[in-house]
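Just so we're aligned, residue -14 is where the sequence shown starts under our numbering, counting upward by one. Written below as structure tokens is the structure these notes are about.
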Amino acid sequence: MGIYAIGNLGSKIITFLMVPLYTYYVENTADFGYYDICLTAVFLLMPFVTLQLRDGAFRFLLDSPNEENRKEVVTMTYKTLGATILLSTIITLGIASFFQVRYLWYVLALLVAMSIQEVVSQVFRGLGNNKAFITVGILSAFFIGLFSLVFVVWLGMGIEGVFIANILARFAAVGAVELKLRTLQRLFFVKISVGKTAREILKYTLPLLPGSICWWLTGSSDRWFIQHYLGLEVNGVYAVAIRFVSILQTLAFIFYQAWQETAILQYQSPDRNRFFSQVLNNYIFIVCVLLVGFCFSLKMCYSWIVDTNYQSSLPYIFPLAISTSIFAISAYFDMGYQCAKDTKRTLPAIILSAVVNVALNFLLVSPFGVYGVIVTLIITYLVLITYRWIDTKRYFKLTLNRGIITPIVIALATAVPFYLSTAIWQDALSMVVAIGLMMYFCPKRIRKDVFGKIYAKLHASA
């Protein structure tokens, strides 16, 4: 897990530092709101461009028995990605011929850059080169910071500079790592026959495609509702809150990436029910501690790191963090489908969640504003986690430790001091007391598992 932490946290810290910079140099919240809408559109289109090959390449490379098979997987992946990028360019030319869309070509370039980074970095990971995988993330974030200083700060290009910085950074990061590893030279061969491999990989990835669209509806369509009912200015403020909360999601993603490999390897173990249950309880406790620590730490420094035009986003942080925590826990159950290569069974839960999400957004955004969006997210993820808990019993039977309920209640109860406290010392005291109580009431076995491993790693590195 350590190597994923270094890569994700290193890149996220640099990306985190960009938020204050963007809010300062992009003073118009509507401009930032428009960029966020464009980014949301990119996330919608990425599954169509990548055909979820990021998941397929990793999964099949992890199981590849020999070098020839790896060549087939890599060749098929890159050939398919190249074809979908070409098709995307042709479609964009058609759109540009009939409609005038602001920053259309920047959107296409960002879509291509992000798709290439996603797929290529997962190829590196599937080949067992985790260092290359995290290096792409770190270099991407470093170049985003560097190019943002050039195009946004020095040249004063505003949102256009934000686009250029994010596009160039991803190409530069992937290119730098590829120049060193030369996977294209070693594993990509145009004349290799990949028909059988393509059928196997696409059988695995294509069922994930409608799921990705539903995920977009569940997690990103809220921006479109906010824009429609509340305007781009409000969406710009909301986008800042989301970017901060994404740090929590990154911390959960670190666990997910490490857990992904472990789960696949442990799935055939005879005591997998005990193992998967133990990890789940530990994970819930860690998420609760992170929720409290993150929200109060961010609140204490919010006025220093966010421009005044965007500081109205602070009240959204805590409930958004709750929704992110629920989503992080629900993602844990996704491993059952991946371990069994039964990805088609992910669809019912995701479709149900998407339907609930869109329906509630229609009902709640207009009367309740941004809080309607947040309540929708929380309910959606609760529906998702309930469905998956029941459905994944076919893969493993999980047991929840009753003692973990107390830390959950304490974490949720900290919403009261989060909204009522008005001084930094009050926030600091609330955070320390809440985390202390969670540790005290946490079941001894979980406390021993979590803190025992942390202590062992710290002791080993000393």
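Just so it is clear, CB atoms sit at the ideal spot from N, CA and C, and this is done for glycine as well.
(request) Return the chain-ordered list of same chain residues with a C-beta closer than 6 Å to the C-beta of threonine 69, the five sequence neighbours on each side being excluded. (result) Taking the first residue of the sequence shown as 1, we reach residue 69 at position 84. The answer, listed in chain order, is Val34.
Q. Do you know whose CA, among Thr182, Thr384, Ser351 and Glu52, lies nearest glutamine 212's CA?
A. Counting from 1 along the sequence shown, the entry for residue 212 is found at position 227. Among Thr182, Thr384, Ser351 and Glu52, the Cα nearest to that of glutamine 212 belongs to Ser351.
**Request:** Take asparagine 386 and list the residues in its own chain whose beta-carbon comes closer than 6 Å to its own, dropping the five residues that flank it on each side.
**Result:** Looking up residue 386 in the sequence shown gives position 401. The answer, listed in chain order, is Asn266 and Pro428.
What residue does the alpha helix (DSSP H) around arginine 110 start on, and which one ends it? Here residue 110 refers to the residue found at position 125 when the sequence shown is read from its first residue. 89 to 111 is the extent of the alpha helix (DSSP H) around arginine 110.
- Query: Does the separation of the CB atoms of leucine 345 and threonine 361 fall below 8 Å?
  - Reply: For the purposes of this step, residue 345 is taken as residue 360 along the sequence shown, with counting starting at 1. For the purposes of this step, residue 361 is taken as residue 376 along the sequence shown, with counting starting at 1. In contact: leucine 345 and threonine 361 (Cβ atoms closer than 8 Å).
Subject >> Cutoff 7 Å; reference valine 274; Cβ partners in own chain excluding five residues on either side >> reply: Numbered from 1 along the sequence shown, position 289 holds the residue referred to as residue 274. Excluding residues within five positions, the ones whose Cβ falls inside 7 Å are Ile420 and Met423.
> According to DSSP, is histidine 444 helix, strand or coil?
Replying inline: Locating residue 444 in the sequence shown gives position 459, where the first residue counts as 1. The predicted model places histidine 444 with a pLDDT of 49, which falls under 50 and marks its position as unreliable; any figure quoted below should be read in that light. The answer is helix: DSSP assigns histidine 444 an H, G or I state.
Q | Per-residue DSSP class, three states only, for glycine -13 | A | Numbered from 1 along the sequence shown, position 2 holds the residue referred to as residue -13. Interpretation of glycine -13 is limited by its pLDDT of 47, a score under 50 that renders its predicted location unreliable; no figure is taken from the coordinates.
- Message: Can you tell me whether leucine 427 is helix, strand or coil according to DSSP?
- Response: Sequence index remark: in the sequence shown, residue 427 carries index 442 (1-based). This sequence places cysteine at residue 427; leucine is not what is there. If DSSP states are grouped into helix, strand and coil, cysteine 427 belongs with coil.
Review point. CA-CA distance, proline 392 and phenylalanine 426?
Key: Position 407 of the sequence shown, counting from 1, holds the residue named residue 392. Position 441 of the sequence shown, counting from 1, holds the residue named residue 426. One C-alpha to the other measures close to 7 Å.
Look at the Cβ atom of glutamate 52, then the Cβ atom of isoleucine 177, and state whether they are nearer than 8 Å.
On the sequence shown, residue 52 is found 67 positions in, with the first residue counted as 1. On the sequence shown, residue 177 is found 192 positions in, with the first residue counted as 1. No, the Cβ-Cβ distance between glutamate 52 and isoleucine 177 is not below 8 Å.
query: When the distance is taken between beta carbons, is tyrosine 317 closer than 8 Å to tyrosine 366?
result: Position 381 of the sequence shown, counted from the first residue, corresponds to residue 366. Position 332 of the sequence shown, counted from the first residue, corresponds to residue 317. Cβ distance not < 8 Å, so tyrosine 366 and tyrosine 317 don't count as in contact.
Q. Using the C-alpha atoms, what's the distance from valine 355 back to methionine 416?
A. The residue you call residue 416 lines up with position 431 of the sequence shown. The residue you call residue 355 lines up with position 370 of the sequence shown. Each residue's Cα considered, the two are about 26 Å apart.
For this session: Hey, could you find the ends of the alpha helix (DSSP H) asparagine 266 is sitting in?
Result: Position 281 of the sequence shown holds residue 266. 257 to 290 is the extent of the alpha helix (DSSP H) around asparagine 266.
**OP:** Could you tell me which of Ile395, Val179, Ala157 and Asn115 sits nearest to leucine 47, measuring between CA atoms?
**Re:** As a working note, residue 47 is residue 62 in the sequence shown. Comparing Cα positions, the closest option is Asn115.
If you reduce the DSSP assignment to three classes, tell me which class lysine 382 lands in.
Working through the sequence shown from its first residue, we reach residue 382 at position 397. Note: lysine 382 maps to coil in three-state DSSP.
Could you give the C-beta distance for threonine 168 and methionine 61, rounded to a whole number, given that I count them as a contact under 8 Å? Position 183 of the sequence shown holds residue 168. Position 76 of the sequence shown holds residue 61. Contact flag wrong, Cβ pair sits at about 14 Å.
Can at least three beta-carbon pairs, one atom from the segment 24 to 43 and one from the segment 97 to 105, be found at a separation below 8 Å? yes
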